[in-house]
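Trainee:
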Amino acid sequence: VSNNHGKPRLVRFYQRLAEEVQQQIIRETFHLVLKRDEHICNFLECGRAVPSVGAASPHPDPPLSSCLHSLFGGSDYKLIYRHYATLYFVFCVDSSESELGILDLIQVFVETLDKCFENVCELDLIFHMDKVHHILQEMVIGGMVLETNMNEIVAQVEAQSKLEKAEGGLSAAPSRAVSAVKNINLPEIPRNINIGDINIKVPNLSQFM
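Numbering follows the UniProt record's numbering, with no gaps: position 203 of the sequence shown is 203.
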């Protein structure tokens with residue numbers, strides 16, 4: 001996920017790639033998607049030329065294969081994306097995935113974010129990164145799509161949030177207990193106890209408190 005200026009807001013790779021390769025993929029992907037006109041299809045296949053917007057250029061855009069093919073090491077990949085307001089949601093998948101299926105997956109992901117954050121915006125992705133990653137993980141694990149039912153995803157996210165709050169309360173319980181004990185007002189302990197002819201001296205316990 002990137003904003004309109006190319007700043008990545010959510011990145012997840014399901015292949016082991018070097019950091020510099022990941023950054024190159026992010027840059028190339030955004031530039032390829034940014035060139036696309038709003039009225040053409042929302043997916044690009046490796047090996048197809050990227051059409052330029054507007055008048056013909058004497059230096060046509062390089063084919064997508066020169067970008068993704070060289071980065072991934074094969075031509076069996078395609079970009080599928082959707083543009084919402086200030087954010088681009090982009091998936092890079094192989095040919096076994098359905099374009100319409102991935103478009104629907106992006107739609108479910110956005111609607112789930114919108115429901116969890118109540119009118120999601122770019123700042124939610126910045127300040128709640130852990131929750132955003134959790135939502136994506138409920139849908140896709142290891143590159144495999146496991147869940148597309150928004151209600152099920154939201155239920156799992158809410159259950160996790162309740163568990164985290166409960167664990168936060170338990171972790172704070174010992175400190176609250178110590179504070180409560182310190183604030184107990186106990187009556188002053190007598191220093192001498194006389195029972196008939198027997199005199200008992202009570203030691204000063206303040207040094208042990």
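All C-beta atoms, glycine included, are put in the ideal place defined by N, C-alpha and C.
On a predicted model such as this, the values are computed, not experimentally measured, just so you know.
CB-CB under 7 angstroms to glutamine 160, same chain, minus the five flanking residues each way: which ones, in chain order?
Mentor: Answer for glutamine 160: His134, listed in chain order.
Trainee: What residue ranges within the region 79 to 117 form continuous alpha helix (DSSP H) runs of no fewer than 4 residues, ordered along the chain?
Mentor: With a minimum length of 4 residues, the continuous alpha helix (DSSP H) runs that stay inside the region 79 to 117 are 99 to 117.
Trainee: Which word fits phenylalanine 127, buried or exposed, when buried means at least 16 other C-beta atoms lie within 10 angstroms of its C-beta?
Mentor: Classification of phenylalanine 127: exposed, given that the 10 Å Cβ count is below 16.
Trainee: Do cysteine 92 and threonine 29 count as a contact pair if the criterion is CB distance below 8 angstroms?
Mentor: A contact, by the Cβ cut-off of 8 angstroms.
Trainee: For glutamate 99, which residues of its own chain have a beta-carbon under 7 angstroms away from its beta-carbon, when the five flanking residues on both sides are left out?
Mentor: Answer for glutamate 99: Phe43, Ile80, listed in chain order.
Trainee: I need the straight-line Cα distance from methionine 139 to valine 145, nearest angstrom please.
Mentor: Near 6 angstroms, if we compare the C-alpha coordinates of valine 145 and methionine 139.
Trainee: How many angstroms separate the CA atom of glycine 6 from the CA atom of arginine 27?
Mentor: Cα to Cα, glycine 6 sits roughly 7 angstroms from arginine 27.
Trainee: What is the DSSP secondary structure of leucine 32, reduced to helix, strand or coil?
Mentor: Helix at leucine 32.
Trainee: Just mark lysine 78 as buried or exposed, buried being the case when its beta carbon has 16 or more other beta carbons within 10 Å.
Mentor: Buried, because 16 or more other Cβ atoms sit within 10 Å of the Cβ of lysine 78.
Trainee: Given this structure, state the Cα-to-Cα distance separating glutamine 156 from phenylalanine 109, to the nearest angstrom.
Mentor: Looking at the two C-alpha atoms, the distance is approximately 14 angstroms.
Trainee: For asparagine 3, does the three-state DSSP call read helix, strand or coil?
Mentor: Strand.
Trainee: Using 8 angstroms as the threshold, is the C-beta distance between valine 90 and valine 33 below it?
Mentor: A contact, by the Cβ cut-off of 8 angstroms.
Trainee: Thinking C-beta only, is tyrosine 14 closer than 8 angstroms to glycine 143?
Mentor: Contact: yes.
Trainee: To which residues does DSSP link residue 211 through a beta bridge?
Mentor: In the structure displayed, the chain extends from 1 to 209; residue 211 sits before or after that span and is not available.
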